[in-house]
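For the sequence shown, my numbering assigns the number 1 to the initial residue and increments by one for each residue that follows.
In this text, a Cβ means the ideal position worked out from N, Cα and C, and glycines have one as well.
The structure under discussion appears below in the form of structure tokens.
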Amino acid sequence: EDKIALGGEESAGLTIRGHIPEKDGILACLLVAEMIAARGASIGEQVRALYKKLGREFWPVRENLHLSDEQKANAVRKVAVDATTLLGRKVVSIDRTDGAKFVFDDGSWMLLRLSGTEPLLRLYVEADSAAGSAKLTREASRWVLQS
1 EDKIALGGEE
11 SAGLTIRGHI
21 PEKDGILACL
31 LVAEMIAARG
41 ASIGEQVRAL
51 YKKLGREFWP
61 VRENLHLSDE
71 QKANAVRKVA
81 VDATTLLGRK
91 VVSIDRTDGA
101 KFVFDDGSWM
111 LLRLSGTEPL
121 LRLYVEADSA
131 AGSAKLTREA
141 SRWVLQS
């Protein structure tokens, strides 16, 4: 019970158990400033040190694909697709918790999320190399935008 100590989101919201039960971007900024001061190293230096110590195992990408009405209608169908193969890759699982996350047999994945407020689709991709993420992003973007 209550095992989650930290939660965050890409829009700079952060919540920490024992603080306030809501996102707090100001707290995130203050904690980063404290980390820089305490360690005497920039954020970039600290990230590079972590990669050196732990390695870099993933390469995430996020893109917003702006859609015409026709593309949005096609994207709605593609988010709902059930496929065993997609983009020439074997699909091992599909998670529809928040959009459609397609996990491939090589460990890479893509998540498609339609915006509820704008004519766009958010595309998230992760692979084991920068080149792999870039390739999957290109392939996924073409697939989403084609009729």
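Asked                                                                                                                                                          : Found
Quick check: what's the CA-CA separation for residue 20 versus residue 89?                                                                                     : 43 Å
Buried or exposed: which applies to residue 137, given that a residue is buried once 16 or more other Cβ atoms fall within 10 Å of its Cβ?                     : buried
Please list the segments of the alpha helix (DSSP H) lying wholly inside the region 62-88, counting only runs of 4 or more residues, in order along the chain. : 69-79
Figure out for me which residue from 5, 53, 108, 28 has the closest Cα to the Cα of residue 61.                                                                : 108
Taking DSSP's pairing of strands, which residues face residue 16 in a bridge?                                                                                  : 6
Give the straight-line distance between the Cα atoms of residue 133 and residue 140, rounded to the nearest whole angstrom.                                    : 10 Å
With a cut-off of 8 Å on the beta carbons, I'd call residue 100 and residue 91 a contact; round off their distance for me.                                     : Residue 100 to residue 91, Cβ: 11 Å. No contact.
Going by DSSP in three states, residue 135 sits in which element: helix, strand or coil?                                                                       : helix
Determine the direct distance from the alpha carbon of residue 16 to that of residue 27, and round the result to whole angstroms.                              : 9 Å
Quick one: using the 10 Å Cβ neighbour count with 16 as the cut-off for buried, is residue 22 buried or exposed?                                               : exposed
Between residue 87 and residue 34, what straight-line distance do the alpha-carbon atoms span, to the nearest angstrom?                                        : 44 Å
Measure the beta-carbon distance from residue 121 to residue 103 and round it to whole angstroms, keeping in mind my assumption that it falls under 8 Å.       : Contact doesn't hold; Cβ gap of about 18 Å is too wide.
Identify the continuous beta strand (DSSP E) that holds residue 101 and give its terminal residues.                                                            : 100-104
According to DSSP, is residue 34 helix, strand or coil?                                                                                                        : helix
Span of the alpha helix (DSSP H) holding residue 45?                                                                                                           : 43-54
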